[in-house]
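Inspection log for the structure reproduced underneath, given as structure tokens.
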Amino acid sequence: MESPLWCIKYRPRKWEDFVGQDDAINELRRFAETKTCPHMIFIGPPGTGKTAAVEIFAREFLGDDFDANYLWLNVRDLRTYPVSKAKRSIQALAKVDRSKRTPFDEYMSIVYKDAKEALRRRGKSGDPNRSEMLHQAIKMFASTLTVITELVKVMVLDEADALDNNMQQALRRTMEIYSDACRFVLVTPTLAGWIPAILSRCIVVRFQPIPEADVKRRISEIASAEGVEIEEAALTAIARECNGDMRRAINMLQMAAAKSEHVSEDDIYDVSETPLTKTVRELVTLAINGSFVKSRDKMRKLLAIEQYSPSEVLREIQHDILRRPFDDATRIALLERIAVVDNRMREGKNAFIHLGALLASIWHMTSAESSA
Ligand SMILES: Nc1ncnc2c1ncn2[C@@H]1O[C@H](COP(=O)(O)OP(=O)(O)O)[C@@H](O)[C@H]1O
Ligand SMILES: [Mg+2]
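Taking my numbering as reference, the numbering of the sequence shown is continuous, increasing by one, and the terminal residue is 411.
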């Protein structure tokens, strides 16, 4: 069944579906073509195609053996799965209503049983903890013999930043022992926190934030496939607001399209903004248009009634200024003013007075721009 979520429906299924990521993809294609699969670590921010790419790579690399020789595990799911649930036996699970159990429940029940058995063999009684269960899950897959001996298995540990130090040590040992039969792909946002012994075994594949032009191209393809009309300014707004995160970009399009079939720039702001971002945008616009008193009233409400901290508000003002089409000189002057206000607030000076003065400067500097 097709997913109702567009980010899943439009998940890349072949290399041509990807936008951006040329370096990572060229490298993975080369590995697949030459039937090479080193241990790899995929790094990059969310929504840049890491999970989608690993599956395409493994399908090409494994060919017909994909189903038997590929295992994808989300470490975070595994770590947060309650041991009390995993304790249910397969037989007990079979009696649970179908709608209330998933293949992952069944998998976890097998993992639990194996981990308990492994503990028993080491002369220990009691329940395995999560770390032992994870270790067992990895071992279970890595150690079963492949049918075709020259072909290795591919095991993906997604969201692998959820592995703590002990788990990393255990993984390193498993990698060492089963290195001939099983290759690991670790998927994680950054290299921070990884033990050198793992890093030195892996090739790093880097995923970049998706460039704005590529986000626009992909979003307009999806919009036309869905019969959604989208204004050029709205495309630009999505590309800017998503910060290189394609999942977020597609979600914004889908949310905006749910509200109106003709998507405008304002529709995008409506779905992408937090209440604070929205109010700050309104108050900066008021200041630019010279409605200083109204602008300051909104600011007072944010601080006194809604209890936002002055530094949060200042940060949003800064983001807002960066997004507006000011000329460079105006933008630089405003950012300098923001830095001064930031300093004064850190010194404990009255935040409301200084933020108010900033609104006055915004009016001042931008009206100078428009009259120049
Ligand atoms: N480079 C890309 N090209 C096209 N679509 C992408 C790309 N990266 C992400 N997407 C979209 O975002 C969704 C999430 O991508 P995913 O691979 O899960 O990202 P990650 O694992 O890096 O967080 C995909 O289903 C797809 O719709
Ligand atoms: Mg992912």
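Even glycine gets a Cβ: it sits at the ideal position worked out from N, Cα and C.
The shortest C-alpha to C-alpha distance from residue 396 to any of 107, 78, 331 is the one to 331. For the pair residue 344 and residue 319, the CB atoms are not nearer than the 9 Å cut-off. Distance from the CA atom of residue 162 to the CA atom of residue 168, rounded to whole angstroms, is 16 Å. Residue 191 and residue 246 have their C-alpha atoms some 25 Å from each other.
When 214, 402, 215, 203 are compared, the shortest CA-CA separation from residue 227 is found for 203.
Residue 192 is bridged by DSSP to 221. Relative to ligand 2, the beta carbon of residue 248 is positioned no closer than 8 Å to any heavy atom. For residue 112, the enclosing beta strand (DSSP E) begins and ends at 109 to 113.
Counted as a single uninterrupted DSSP element, the beta strand (DSSP E) harbouring residue 242 occupies residues 242 to 245. Within the region 344 to 389, the complete alpha helix (DSSP H) runs of at least 4 residues fall at 349 to 362, 367 to 385. Below 8 Å, enough C-beta pairs join the region 50 to 58 and the region 82 to 99 to call them touching: three or more.
In the three-state scheme derived from DSSP, where H, G and I count as helix and E and B as strand, residue 78 is classed as coil.
Measuring C-alpha to C-alpha distances from residue 403 to each of 60, 373, 386, 248 identifies 373 as the nearest. Of the other Cβ atoms in all chains shown, 16 or more fall within 10 Å of the Cβ of residue 326; this residue is therefore buried. Sorting 390, 391, 283, 336 by C-alpha distance to the C-alpha of residue 58 places 283 at the top. The region 275 to 282 and the region 302 to 312 touch, with three or more beta-carbon pairs separated by less than 8 Å. DSSP places residue 271 in the helix class (H, G or I) of the three-state scheme.
Per the DSSP secondary-structure output, residue 226 pairs in a beta bridge with 81. Bounds of any alpha helix (DSSP H) do not take in residue 60, whose DSSP letter is neither H nor E.
In terms of Cα proximity to residue 107, the closest of 180, 286, 214 is 180. Excluding the 5 residues flanking it on each side, residue 392 has no same chain C-beta neighbour closer than 7 Å. With a threshold of 8 Å, the Cβ atom of residue 347 does not count as near ligand 1, since no heavy atom of the ligand is closer than that. Closest option to residue 399, judged by alpha-carbon separation, among 366, 348, 333: 333. With distances taken between CA atoms, residue 166 lies nearest to 121 out of 121, 225, 138. In the structure shown, residue 93 falls within a helical segment according to DSSP collapsed to helix, strand and coil. Residue burial is scored here from C-beta neighbours: residue 213 has at least 16 other C-beta atoms within 10 angstroms and is therefore classed as buried.
Within the region 249 to 316, the runs of alpha helix (DSSP H) that reach at least 4 residues and sit entirely inside it are, in chain order, 251 to 264, 271 to 280, 285 to 298, 304 to 311. A distance of 9 Å or more separates the beta carbons of residue 153 and residue 124. Following the DSSP letters along the chain, one finds residue 231 in no alpha helix (DSSP H), marked with neither H nor E. DSSP places residue 153 within a helical segment (H, G or I) once states are collapsed to three. When the five nearest sequence neighbours on each side are left out, the beta carbons in the same chain lying within less than 7 Å of the beta carbon of residue 84 are those of 228, 248, 283, 284, in order along the chain.
Taking the Cα of residue 300 as reference, the smallest distance to any Cα among 263, 286, 281 is reached at 263. Residue 193 and residue 63 do not touch by the CB rule: their CB atoms are close to 17 Å apart, not below 8 Å.
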